Every structure is written in structure tokens, then in C-alpha cells.
Amino acid sequence: LTMALAEGIQTLEVNHMRNYTRPDNVFCSSHLLDSFTHCGVQAELQPVGTDHLPIIMEMDFTPKRMNTPPRHNFRATNLDKYKEVLEQQLGSIALPGELTMVDDIKARLELIMHKIQATINATVPFSKPSPFTKRWWTAELDQEKTVVK
Numbered sequence: 315l316t317m318a319l320a321e322g323i324q325t326l327e328v329n330h331m332r333n334y335t336r337p338d339n340v341f342c343s344s345h346l347l348d349s350f351t352h353c354g355v356q357a358e359l360q361p362v363g364t365d366h367l368p369i370i371m372e373m374d375f376t377p378k379r380m381n382t383p384p385r386h387n388f389r390a391t392n393l394d395k396y397k398e399v400l401e402q403q404l405g406s407i408a409l410p411g412e413l414t415m416v417d418d419i420k421a422r423l424e425l426i427m428h429k430i431q432a433t434i435n436a437t438v439p440f441s442k443p444s445p446f447t448k449r450w451w452t453a454e455l456d457q458e459k460t461v462v463k
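Under our numbering, residues 315 to 463 are what the sequence shown spells out, in order.
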């Protein structure tokens, strides 16, 4: 836990002595501490007949907007073009003899994965999903909904 109330802020007025002390503390987790915009005492809001000063905490819980990067729309892929480019990419790899060393197999696999990724980047269009998209909703569900109505 972390102290949210700044050091040295007095929170109690001792009535019979008229001096101030600090018996009240405000603790929070370190994750919440970043949300505090203000944590302090406002003596002018002190109710009559009390000796504790009100501690005012203001926090900002505005959700951070996430920017989702555009993703590949595999449904809109021209599969004939994809197959053609993939054959060109994989055809450029020289076929070695038998791979016996683990490092050779890993290197070959890395090269093949790189070629597949290059094919995807070249042929599969990007789509930026709407923030209101229901990712679980499909065209089949749309048809079923129509049938039920």
C-alpha cells in the first residue's frame, strides 16, 4: 500500500489545545495512486462539532481508449492470388538434402514462416474493425436470426 495523502498535511484539530495533528491517513494500492488527481484536506468543509478535517480525494477513472491496429481480413482474401504468390515465395527456397541437425530444421522453419508471412502481407487485405463490432456474431447467426423471426 502507498500513502496517497501528502506528507505534512494535518487532519485533526485538537479542540482543547487548538493545535493540529495527523492521525488520519489515506492508503491505496500503487495502481490506484496514478488515478488520484487530488488528495488533501479542506478545512472550510469541516462540520460543526467535529475535530477531524474532511479529506477530499479526487480520482480520474476515465477509461483509456485503445487503438486496435488494423488486422488482416482473411475472409476477403483472393485465394487464387494467395496460392500463386505463396507458390512463388516457397519456390524461391532451395531444397536441401535431408535435414539432420535441429538448428538446420529451425532455420528452415523460420525461412518458411517468413515466406508465408510475406505472402499474407502481400495478398490479404487489412480491415479495421469498428469498436462496436460483435466479434462473436457471424453471417450464419444473421441467417438463423432471420429464420427465427
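Where a beta carbon is used, it is the ideal one built from N, C-alpha and C, also for glycine.
A quick note: this is a predicted structure, and the numbers were derived from the prediction, not measured.
Ends of the beta strand (DSSP E) at residue i?
i: Asn-333; result: 333 to 335
i: Val-362; result: Segment: none, Val-362 is in no beta strand (DSSP E) and carries neither H nor E.
i: Val-355; result: 350 to 355
Can you tell me where the alpha helix (DSSP H) holding residue i begins and where it ends?
i: Thr-437; result: 416 to 437
i: Gly-405; result: 393 to 405
i: Leu-347; result: 344 to 347
i: Val-328; result: Segment 326 to 328 is the beta strand (DSSP E) holding Val-328; no alpha helix (DSSP H) there.
i: Asp-456; result: 453 to 462
Can you list, in chain order, the residues of its chain with a C-beta nearer than 6 Å to that of residue i? Leave out the 5 residues immediately preceding and following it.
i: Glu-464; result: Because the chain here runs from 315 to 463, residue 464 falls outside it and cannot be looked at.
Assuming residue i contacts residue j under a Cβ cut-off of 8 Å, what Cβ separation, rounded to an integer in Å, is found between them?
i: Ile-370; j: Thr-325; result: Contact flag wrong, Cβ pair sits at about 11 Å.
i: Asp-374; j: Ser-349; result: 6 Å
With DSSP as the reference, please indicate the residues paired to residue i in a beta bridge.
i: Phe-375; result: Answer is none; Phe-375 lacks a bridge partner.
i: Met-370; result: Looking at the sequence provided, one finds Ile at residue 370 rather than Met. Ile-370 is bridged to Gly-354.
i: Thr-316; result: Cys-342
i: Ser-441; result: Arg-385
Closest to residue i by CA distance: which of the options is it?
i: Glu-401; options: Ile-434, Thr-414, Val-328; result: Ile-434
i: Phe-446; options: Leu-425, Gln-431, Gly-363, Thr-382; result: Thr-382
i: Leu-367; options: Ser-344, Asp-338, Thr-391, His-386; result: Asp-338
i: His-345; options: Phe-440, Asp-418, Thr-316; result: Thr-316
i: Ser-343; options: Ala-318, Leu-455, Val-461, Lys-397; result: Ala-318
Starting from the C-beta of residue i, find all residues in its chain whose C-beta is less than 7 Å away, skip the five residues before and the five after it, and write them out in chain order.
i: Ala-453; result: none
So, at 8 Å on beta carbons, what are the nonlocal neighbours of residue i in its own chain, with the 5 sequence-adjacent residues on each side left out?
i: Ile-323; result: Arg-336, Gly-354, Val-355
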